[in-house]
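For the sequence shown, the numbering used here begins at 46 and goes up steadily by one. Heads up, the thing below is written out as structure tokens.
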Amino acid sequence: MTNPAIIKPWFTDLQQRIVRRLEAFDGKPFRADGWERPGGGGGLTRVIEEGDFFERAGVNFSHVMGDGMPASATAHRPELAGRRFEAMGVSLVLHPRNPYCPTAHMNVRFFVALADGRPPVWWFGGGMDLTPYYAFEEDVRHFHATCKRAVLPFGGEAEYARLKDWCDRYFFLKHRNEARGVGGLFFDDLGADGCTDFDTAFGLTQAVAMRSSTPTCPSSSDARTCPMASASAISSPTAGGAMSNSTWSSTAAPCSGCSQAGAPNPS
């Protein structure tokens, strides 16, 4: 089941769901800007500026297609050169007003390469990460814990460790010899290797994206002033609220990018 027509409604609903909850969280509406791509396809950009909580935030959907694969997509897949393609996804960037609240990023995407008389080649990718201006240990604990809960049903501890390490490597700034932010999750080519079935790949993508749809604060009744609010805006807290320290190993190593702050990873 790799028909993009089946996947697209889920992505568009995801965008709408996130926007609705962020609007309720901030108190001001997002503006909508539809666009078309000359080569085929288009999308919908949703942006809020000068909000009550967010200085600027964007939640975007795109669905583009073309008669030939872009060079960036065939660089390590030369066998796909010349195929038609469709690509779609949702991405968000959240910039809070409060400098103690971290900037948050998330994106999920689907790509399929098509050729007459040949089976489609498809894959999912995505991830989410956190970039604090000031690193708070509670932020990082909460964020990594919710990332971990999203991944555990799709491969357990080993898969979580793999996707977390992938994020750490992907966002490492070599020219500055430092990590961007405190990491999170990252994956790509999920399904292209033929080892991951569609339901598992789509399920993992959905699980990661769904962590971005509940803007609630895990430790404060006033989320607008809570330094964890932006982290929580792209992660669902436990039903009981804040994560307790007993959830973590006291000997856990610091997360990539947070060694100076001493922020631990989930055990």
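The beta-carbon is built from N, C-alpha and C at its ideal position, and this holds for glycine as well.
Span separating the alpha-carbon of His150 from that of Phe231: 11 Å
Whole angstroms are fine: how far does the CA of Leu249 sit from the CA of Leu159? When rounded, the distance between both Cα atoms is 23 Å.
Under the rule that 16 or more other beta-carbon atoms within 10 Å means buried, what is Gly127, buried or exposed? exposed
What residue range is occupied by the uninterrupted alpha helix (DSSP H) comprising Leu249? Counting along the chain, the alpha helix (DSSP H) containing Leu249 begins and ends at Phe243 to Met255.
With contact counted as at least three CB pairs below 8 Å, one residue from each stretch, are the stretch 179 to 197 and the stretch 155 to 170 in contact? no
Use the C-beta contact count for Ala102: other C-beta atoms within 10 angstroms, 16 or more gives buried, fewer gives exposed. buried
With DSSP collapsed to three states, give me the class of Arg221. coil
Report yes if the CB atom of Ala195 is closer than 9 Å to the CB atom of Val253, and no otherwise. yes
Start and end residues, beta strand (DSSP E) containing Ala149: Thr148 to Ala160
Grouping DSSP H, G and I as helix and E and B as strand, with all else coil, what is His140? strand
If we ignore side chains and look at the alpha-carbon of each, how far apart do Thr241 and Phe199 end up? 11 Å
The beta strand (DSSP E) that contains Gly88, what's its start and end? Gly86 to Glu94
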